[in-house]
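Residues in the sequence shown are numbered from 3 upward in steps of one, following this note's numbering.
Don't be surprised by glycine CBs; every beta carbon is placed ideally from N, CA and C.
Structure first, commentary second.
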Amino acid sequence: MVLALALTVGWNLVALLGVLRFGWPAGNVLVLFWVENAVLGVVTLVKVLTAQGVSDAEITINGRPREGTPGLFALFFCFHYGLFCLVHLGFTGVVAWRVGLEPSFWLLGLPVVLLVLRYAVETATSWFGTGGQRRTLSSARAMVQPYPRVVVLHLAVLGAFALVVRGVDPAGPPSWVEAPADLLPLGWRTEGVAAVALLLVVKTVVDVITTRWTLRRRRPGRPRGDRDGRSLGSRS
Numbered sequence: 003m004v005l006a007l008a009l010t011v012g013w014n015l016v017a018l019l020g021v022l023r024f025g026w027p028a029g030n031v032l033v034l035f036w037v038e039n040a041v042l043g044v045v046t047l048v049k050v051l052t053a054q055g056v057s058d059a060e061i062t063i064n065g066r067p068r069e070g071t072p073g074l075f076a077l078f079f080c081f082h083y084g085l086f087c088l089v090h091l092g093f094t095g096v097v098a099w100r101v102g103l104e105p106s107f108w109l110l111g112l113p114v115v116l117l118v119l120r121y122a123v124e125t126a127t128s129w130f131g132t133g134g135q136r137r138t139l140s141s142a143r144a145m146v147q148p149y150p151r152v153v154v155l156h157l158a159v160l161g162a163f164a165l166v167v168r169g170v171d172p173a174g175p176p177s178w179v180e181a182p183a184d185l186l187p188l189g190w191r192t193e194g195v196a197a198v199a200l201l202l203v204v205k206t207v208v209d210v211i212t213t214r215w216t217l218r219r220r221r222p223g224r225p226r227g228d229r230d231g232r233s234l235g236s237r238s
């Protein structure tokens, strides 16, 4: 868990420093929010297909209960999560274009590579590594793991969208954005930088909480049957 938390905090700090010190356009960071969503989806799909825990979860299709196999959970996840990503991409594109976007390798490609490496290391250690969650979590629980983080990423983009829309208003941005922005050096007080920096700070705090929740190990003696999947319609 310590490594996962370090990777979570470290990545958010890299993004924050990238905006404040290394000249990453604010729109690039918002695009990275979406890329993180997509990477989380791929990682989760791998987990759903490789989970070894036991679950009695079912999925209802056309009014009929179906046994929740890894393949069926993976199909359901791709459809449901894919819709989230499409909506997120629409908002991200609008906001990123508005606050400034530079799709170069050093300002976007390299951060994407670092982001993929961050999740690859976390998955290799906390899922496939010795004592990893793969042996105790079922496909059902693995499927729902990313949603707390996804909610945070969606709220971050929606928050940025609201700030940008408000920023073009003649009245200017809201006072609760102007106050923190006044603490930044003059070169950092642009509409996009202030909004993204504020969102990254909030995202870091929530990411730590959700990472701890996601990687929390089961107590000794707890049954391997997975309750979480029953929200999809478990057997009585």
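Checklist entry - Taking DSSP as the reference, what is the three-state secondary structure of ARG23? => result coil
Next on the checklist: Taking 8 Å as the threshold (C-beta atoms), are VAL21 and VAL31 in contact?
Outcome noted: yes
Checklist entry - Under a three-way DSSP split, which group does TRP36 fall into? => result helix
Checklist entry - Looking only at C-alpha atoms, which of VAL41, THR52 and LEU5 sits nearest to VAL115? => result When each option's Cα is compared against that of VAL115, the closest is VAL41.
Checklist entry - If you draw a straight line from the C-alpha of PHE79 to the C-alpha of LEU47, how long is it? => result 8 Å
Item to check | Identity of the residue in ALA6, ALA17, GLY73 and LEU7 nearest LEU200 by Cα | outcome: ALA17
Item to check | Bounding residues of the alpha helix (DSSP H) (the contiguous stretch that carries GLU124) | outcome: 112 to 128
Checklist entry - In three-state DSSP terms, what is PRO150? => result Correct three-state label for PRO150: helix.
Checklist entry - From this set, ALA122, VAL37, PHE81 and GLN54, which residue's C-alpha is nearest LEU91's C-alpha? => result Closest in C-alpha terms to LEU91, from the list ALA122, VAL37, PHE81 and GLN54, comes VAL37.
Checklist entry - Taking Cβ positions, are ALA158 and PHE35 nearer each other than 8 Å? => result yes
Checklist entry - Apart from the five residues on each side of it in sequence, which residues of its chain come closer than 7 Å, Cβ to Cβ, to ASN14? => result LEU202, LYS205, THR206 and ASP209
Next on the checklist: Need the endpoints of the alpha helix (DSSP H) that VAL101 sits in, please.
Outcome noted: Unbroken alpha helix (DSSP H) run through VAL101: 72 to 101.
Item to check | Nonlocal neighbours in the same chain, by C-beta distance under 6 Å from ALA98, ignoring five residues either side | outcome: GLY29, LEU32 and VAL33
Next on the checklist: On a Cα-Cα basis, can you pick out the residue from TYR83, SER128 and ARG143 that is closest to VAL153?
Outcome noted: TYR83
Checklist entry - Does the Cβ of LEU19 have 16 or more other Cβ atoms within 10 Å, making it buried, or fewer, making it exposed? => result Around the beta carbon of LEU19, fewer than 16 other beta carbons sit within 10 angstroms, so the residue counts as exposed.
Checklist entry - Would a C-beta distance cut-off of 8 Å place ARG137 and GLN54 closer than the cut-off? => result Against a cut-off of 8 Å, the Cβ pair of GLN54 and ARG137 comes out as a contact.
Item to check | DSSP state of VAL198 mapped onto helix, strand, coil | outcome: helix
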